[in-house]
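**Q** The sequence shown: position 157 = 157 (UniProt numbering), numbered continuously. Where a beta carbon is used, it is the ideal one built from N, C-alpha and C, also for glycine. These figures come from a predicted structure and were not determined experimentally. Before we start, here is the structure in question, set down as structure tokens.
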Amino acid sequence: MRLRGKKNKVSLESQTDLVVLEPKLWKGKWRELFGNDHPIHIELGMGKGQFISRMSANNPAINYLGMDMFDELLRIGSRKARTLWKEEKNSEEVPNLFLVRGNVEHLEEMFEPGELERIYLNFSDPWPKSKHAKRRLTYHRFLDMYKKALNEKGEIHFKTDSLSLFEFSLNSFSDSQLQMKNISLDLHRNGLREDLVLTEYETKFSGQGMPIYRLEAVVGSAAVETHRARVAEEMKRAQRRAAEEENADAGGANEEGTSGEKAAGELSET
């Protein structure tokens, strides 16, 4: 992502109400920072912050963190978040969002085990060369860190425009014994999904007709149990529908047979 510096920058150090420059200081204390015990969702590699700002405005009962390494992206993200909340919520504050300067490599130094409930990986760098596979954010080393940071309801939501990264990630999630759901090979094939929040890249690529790949990985024990129960219920409904259709077909066949026998009897009488 190409970044251009701007004059009259607002100091990140002056935005303590929205920006966290030393996340390691808040390890195990993020709920204190937010001032409540709401679930915490984080986007790793937030880019310009469109996704995480919109999520915070849409879901006031969830605490959000947007993490990136670059100061300029934090500045852009802070402007977007403040503008959105001012225009749509008539609020000078952004109560359920913090933008974090950090590197995913050091995630374990920022969060205690179980401190997060959801991780978003949106359009991460695909690192297409095989020798760089270890840098991909769905490499098993990173997945191990995510699994540790997520609580019993924990999930990972992953989106990309890179088919090669998606294929790699499917194998990586599977090798890490994570169950997957809501897998899509073309998320917006029937038009933009209005039920989902889009990133800047997603809007651009979808507008160009490019497929967007998406999946949700189930991590926490409670999330796994809920997922398995949902799958079992769906299987039961499918079996009931199949049985009803079979009975309906059998009933139709019996009626045809009865009608045929009656017609044959009438002919014999004549």
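Going by DSSP, what residues sit across from glutamine 208 in a beta bridge?
**A** Mapped onto the sequence shown, residue 208 falls at position 208. Looking at the DSSP assignment, glutamine 208 forms no beta bridge with any residue, so it has no partner.
**Q** How is glycine 191 classed by DSSP in three states: helix, strand or coil?
**A** Working through the sequence shown from its first residue, we reach residue 191 at position 191. The answer is coil: DSSP assigns glycine 191 none of H, G, I, E or B.
**Q** Tell me, to the nearest whole angstrom, how far the beta carbon of methionine 46 is from that of aspartate 17; I am working on the premise that it is less than 8 Å.
**A** On the sequence shown, position 46 is the one that residue 46 refers to. On the sequence shown, position 17 is the one that residue 17 refers to. That pair is no contact at about 17 Å.
**Q** Tell me the DSSP bridge mates of tyrosine 120?
**A** Against the sequence shown, residue 120 aligns to sequence position 120. DSSP, once it has assigned bridges, lists Glu43 and His157 as partnering tyrosine 120.
**Q** For a test of the three-state rule: what should DSSP assign to glutamine 15, helix, strand or coil?
**A** To locate residue 15, count along the sequence shown from 1; it is residue 15. Coil at glutamine 15, not helix or strand.
**Q** I believe tyrosine 64 touches asparagine 96 by the beta-carbon criterion, under 8 Å. Please report the beta-carbon distance rounded to the nearest angstrom.
**A** As a position in the sequence shown, residue 64 is number 64, starting the count at 1. As a position in the sequence shown, residue 96 is number 96, starting the count at 1. That pair is a contact at about 6 Å.
**Q** What are the start and end residues of the alpha helix (DSSP H) that includes glutamate 167?
**A** On the sequence shown, position 167 is the one that residue 167 refers to. Where glutamate 167 is concerned, the enclosing alpha helix (DSSP H) stretches over 163 to 175.
**Q** Thinking just about the alpha-carbon of each residue, which of Leu116, Glu152, Phe111 and Asp71 is nearest to the one in glycine 220?
**A** Translated into the one-based positions of the sequence shown, residue 220 becomes position 220. Among Leu116, Glu152, Phe111 and Asp71, the Cα nearest to that of glycine 220 is on Glu152.
**Q** Which term fits glutamine 177, buried or exposed, when burial requires 16 or more other beta carbons within 10 angstroms of its beta carbon?
**A** Walking along the sequence shown from the start, residue 177 turns up at place 177. Label assigned to glutamine 177: exposed.
**Q** Using only alpha-carbon positions, find the residue among Trp26, Tyr139 and Glu105 that is nearest to proline 128.
**A** Position 128 of the sequence shown, counting from 1, holds the residue named residue 128. The candidate whose alpha carbon is nearest that of proline 128 is Tyr139.
**Q** Compute the beta-carbon to beta-carbon distance between leucine 163 and arginine 101, rounded to the nearest angstrom, for a pair I have assumed lies under 8 Å.
**A** The residue labelled residue 163 in the question sits at position 163 within the sequence shown. The residue labelled residue 101 in the question sits at position 101 within the sequence shown. About 31 Å; that fails the 8 Å criterion.
**Q** Can you give me the C-alpha to C-alpha distance between asparagine 190 and leucine 196, rounded to a whole angstrom?
**A** Here the question's residue 190 lines up with position 190 in the sequence shown. Here the question's residue 196 lines up with position 196 in the sequence shown. The alpha-carbon atoms of asparagine 190 and leucine 196 are separated by roughly 14 Å.
**Q** Whose C-alpha, out of Ala238, His38, Arg214 and Gln179, is nearest the C-alpha of glutamate 225?
**A** Along the sequence shown, one-based indexing puts residue 225 at 225. Here the closest residue by C-alpha is Gln179.
**Q** Please name the residue in Gly49, His157 and Met235 whose C-alpha comes closest to that of tyrosine 201.
**A** Locating residue 201 in the sequence shown gives position 201, where the first residue counts as 1. Looking at the Cα atoms, Gly49 is the closest of the given residues.
**Q** Enumerate in chain order the residues of its own chain whose CB-to-CB distance from arginine 141 is below 8 Å, with the five nearest sequence positions on each side excluded.
**A** Locating residue 141 in the sequence shown gives position 141, counting from the first residue. Here the set comprises Lys134.
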